[in-house]
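A short write-up of the structure that comes next.
Number of protein chains: 2
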Amino acid sequence: MPRGRPRQFDLDRALDTALLLFWRHGYEGTSLAALTEAIGINVPSLYAAFGNKEALFEKALARYLQKPAAYLPKALQEPTSRRAVEKLFGGAIQMVMNPHHPDGCLLVQGALASGPSSESIRQQLSRRRAGAEAAVRRRFERAITEGDLPSNVDAAQLARYIVTVLWGLSVQAAGGATRAQLKEVVEWALRCWPESV
Amino acid sequence: MPRGRPRQFDLDRALDTALLLFWRHGYEGTSLAALTEAIGINVPSLYAAFGNKEALFEKALARYLQKPAAYLPKALQEPTSRRAVEKLFGGAIQMVMNPHHPDGCLLVQGALASGPSSESIRQQLSRRRAGAEAAVRRRFERAITEGDLPSNVDAAQLARYIVTVLWGLSVQAAGGATRAQLKEVVEWALRCWPESV
DNA sequence: ATTTTATTGTAGCACCCGCTAAACAAATGT
DNA sequence: ACATTTGTTTAGCGGGTGCTACAATAAAAT
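Those sequence lines, one after another, are chains A and B. As numbered in the working numbering, residues 1 to 197 make up the first sequence, in order. As numbered in the working numbering, residues 198 to 394 make up the second sequence, in order.
As C-alpha cells, then:
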C-alpha cells in the first residue's frame, strides 16, 4: 500500500466518467464543475490526480483509444483488406450507436472547431485522426504487397476515402441517424471496392 | 432615412465578420468580446442590432446558407443526378478549401458537441444538416422518376451516403487535407454510382 | 429651437471559468 | 507515540462569460 492517505475514488472509474462527459459535450462544453460533480469528488482531488483539465482530457482520450476505439486496430487484423474494412465500419457503427455512451466518435466530437484556449486539444485530435488514417493506409499497403488489392490502387487515397466516410458516420450519428441507416451508408460506400485481378 | 441616430457600422459586414468567427471557432468558442472586437463595435450596439449571441448566430447561419453554402441547391439544378452530385462535391471542395474563410462547413464545425447552454444551437445545426440531406434526396427521387437513376435505387439511402461523405469532407478539411486529396476522395466516393439501365 | 427616436460609449451586473492556498484527515514509517 | 506522507475539504482567487442600465450623442419630426 502506498504511503499517505488512500484515494477515496477509483481512478479508472473517474476517467471513464470524464470520458463520457468530454465525449458528449466536447472539450470546451465540459466544465470542471460538471466533471467533479459527475465523478463525485471536489476540484483539488481532480487536480491532484490528473493535473489539469487538458491533462485529464488527454488521459480520457488515451482511455478512449484503448477501449471504445479499439475496434479500429482490431479490425485491421482481418486477413483481407475487404474484410478489414467491413469489420472497421461494423465496429464503428456499433460503437457510434452504442446506447451506453454518446453518439459519435470522440476524435470528431471532442473539438472540431474551438476557441483559442483549446487550440492544442483541437490539434491533438486532428493528429489522432491522421494517425487512424495512417493505420488504415498501412493496412492497404500491406494488402497490395500481398496481392489482396490491385497494385494500381493508391493505398493513401483509398484510406483517406474510407476514413472520410468514417468521420461522416460520426457526424451522422450526432444527428440522430439509426443503426440501419448507417449500415446502408456503409453498403453504398463499399460498392466501389476495387476487386482483385 | 430612419428616425434616430444612424447606425455607424454596416449590418451585413458585421454579419460576415461574425460568420467568420463562428465558422472558425464554433459557437461556444466564439465570445462576445471576440465578436465585438472583430466587428469594431461595442457590446450594446451588437445587442441592439442582433438581439443576443444566439440570434446573432442564427442570422450568421442564414447568411452562410445564402452565400457560401449556396453551391448545394445550385448544384442540384444540374440536368442529371450524376452531374448534380459531381457539382455538389466540386462546390463543397471549393468552399471548404477556400482560403478566404475557415476550412470546413459551418453546419459541422458550428456545434457538433456542446455544453448544455448551446444545446439549441446544436439541434438547429443538426436540423439544417438533415435539411441538406432531404434536398439531395428529393433531387434523387426526381431523377428516378425521370429515368435518370435506376428505379431500384433508394433515393434516401443514396442521399444519406452522399451527405455522409460531404460531412466527412468537412472533417478532413478541418484536419488540414489539401484540395487534391479531397478530389481523390470524391473520385472514390463516386465509383459506386449506379449506372442507369 | 425643441421634442422624439435610435445608436453609442461607459460602466458594471451576477455568474461561471479554470485553478490553488491552507487547514484538516487518514494512512504508513520509525 | 510521533513524524511523515498523501488525499480531502473549505474557501476563494483573478479573470472571463453573456448581458444590461444609464447617460451622452446624432439624426429626423414638429
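Yeah, the Cβ is synthetic: ideal placement off N, Cα and C, and Gly gets one too.
So, do the region 48-66 of chain A and the region 3-19 of chain A have three or more beta carbon pairs nearer to each other than 8 Å? yes
Quick check: the Cα distance between B/E251 and A/P44, rounded to an integer number of angstroms? 34 Å
Counting only Cβ pairs nearer than 8 Å, list the residues of chain A close to B/E381. D154, Q157, R160 and Y161
Can you tell me the Cα-Cα spacing of A/Q123 and A/A130, whole angstroms? 10 Å
Output, in sequence order along the chain, the residues in the region 202-229 of chain B whose CB is closer than 8 Å to any CB in chain A. W220, R221, H222, G223, E225, G226, T227 and S228
Assuming A/V85 contacts A/I144 under a Cβ cut-off of 8 Å, what Cβ separation, rounded to an integer in Å, is found between them? By a beta-carbon distance limit of 8 Å, A/V85 does not contact A/I144. Their separation comes to about 14 Å.
Answer with yes or no whether the minimum CB distance from B/V394 to chain A is below 9 Å. Because the pLDDT at B/V394 is just 48, under 50, the model does not fix this residue reliably, and the point stays unresolved.
Can you confirm whether the region 93-102 of chain A touches the region 291-307 of chain B when touching is taken to mean that 3 or more C-beta pairs between the two stretches lie within less than 8 Å? no
Assign A/F22 to one of three DSSP states: helix, strand, or coil. helix
List the residues of chain A that B/T361 touches, going by C-beta distances under 7 Å, in chain order. V165, G168, L169, Q172 and V185
Would you report the Cα separation of B/V383 and A/T36, rounded to the nearest angstrom? 44 Å
Cutoff 8 Å; reference B/P203; Cβ partners in own chain excluding five residues on either side: none
A/T80 in three-state terms, based on DSSP: In the structure shown, A/T80 sits in coil (DSSP, three-state: anything other than H, G, I, E or B).
Give me the chain A residues within the contact set of B/Q378, using Cβ-Cβ distance strictly less than 9 Å, ordered along the chain. Going along chain A in sequence order, the residues near B/Q378 (Cβ under 9 Å) are A156, Q157 and R160.
Count the other CB atoms within 10 Å of the CB of A/A75; is the residue buried (16 or more) or exposed (fewer)? buried
Can you tell me the Cβ-Cβ gap for B/Y268 and B/A289, rounded? I've got them flagged as a contact below 8 Å. 7 Å
Whole-number beta carbon distance between A/L107 and A/L125, since they are thought to touch under 8 Å: 5 Å
Beta-carbon gap between A/G168 and B/W364 smaller than 9 Å: Yes, Cβ-Cβ distance for A/G168 and B/W364 is below 9 Å.
Judging by CA-CA distance, which residue of A/Q181, A/A156, A/P194 and A/G40 is the nearest neighbour of B/A377? Checking every option, the nearest Cα to that of B/A377 belongs to A/A156.
Using only CA atoms, which one of A/V165, A/R127, A/A69 and A/F57 lies nearest to B/G372? The candidate whose alpha carbon is nearest that of B/G372 is A/R127.
Find the residues of chain B that neighbour A/Q77, judging by a C-beta separation of less than 7 Å, and give them in chain order. In chain order: nothing, as chain B lies at least about 23 Å away.
Taking the alpha carbon of A/A135 as the reference point, which residue from A/R160, A/P116, A/N152 and A/L112 has its own alpha carbon closest? The shortest Cα separation from A/A135 among A/R160, A/P116, A/N152 and A/L112 belongs to A/R160.
Starting from the beta carbon of B/Q306, find every residue of chain A whose beta carbon is closer than 9 Å, and list them in chain order. L112 and A113
For A/E28 versus A/G115, is the C-beta spacing smaller than 9 Å? Yes, these two residues count as a Cβ contact at 9 Å.
Same chain, Cβ closer than 6 Å to A/S118, five either side skipped, listed in chain order: Close CB contacts of A/S118 within its chain, under the 6 Å cut and outside five residues either way in sequence, are with Y27, E28 and A111 (chain order).
Checking 9 Å against the spacing of the C-beta atoms, do A/L190 and B/C389 come in under that value? yes
Am I right that A/G104 and A/A38 are in contact with their C-beta atoms under 8 Å? What's the rounded C-beta distance? Actually they are not in contact, since the Cβ atoms of A/G104 and A/A38 sit about 19 Å apart, beyond 8 Å.
Report the three-state DSSP secondary structure of B/A308 (helix, strand or coil). coil
Going along the region 330-351 of chain B in order, which residues come within less than 7 Å of chain A, judged by CB to CB distance? none
What is the DSSP secondary structure of B/K380, reduced to helix, strand or coil? helix
Does the beta carbon of B/P313 sit closer than 9 Å to a beta carbon anywhere in chain A? yes
What do you get for B/E381, buried or exposed, if any count of 16 or more other CB atoms within 10 angstroms of its CB means buried? buried
A/E133 versus A/V165 - alpha carbon distance: 11 Å
Quick check on the DSSP output: the alpha helix (DSSP H) that includes A/K59 runs from which residue to which? K53 to Q66
Could you tell me the alpha carbon to alpha carbon distance between A/R24 and A/A18, rounded to whole angstroms? 10 Å
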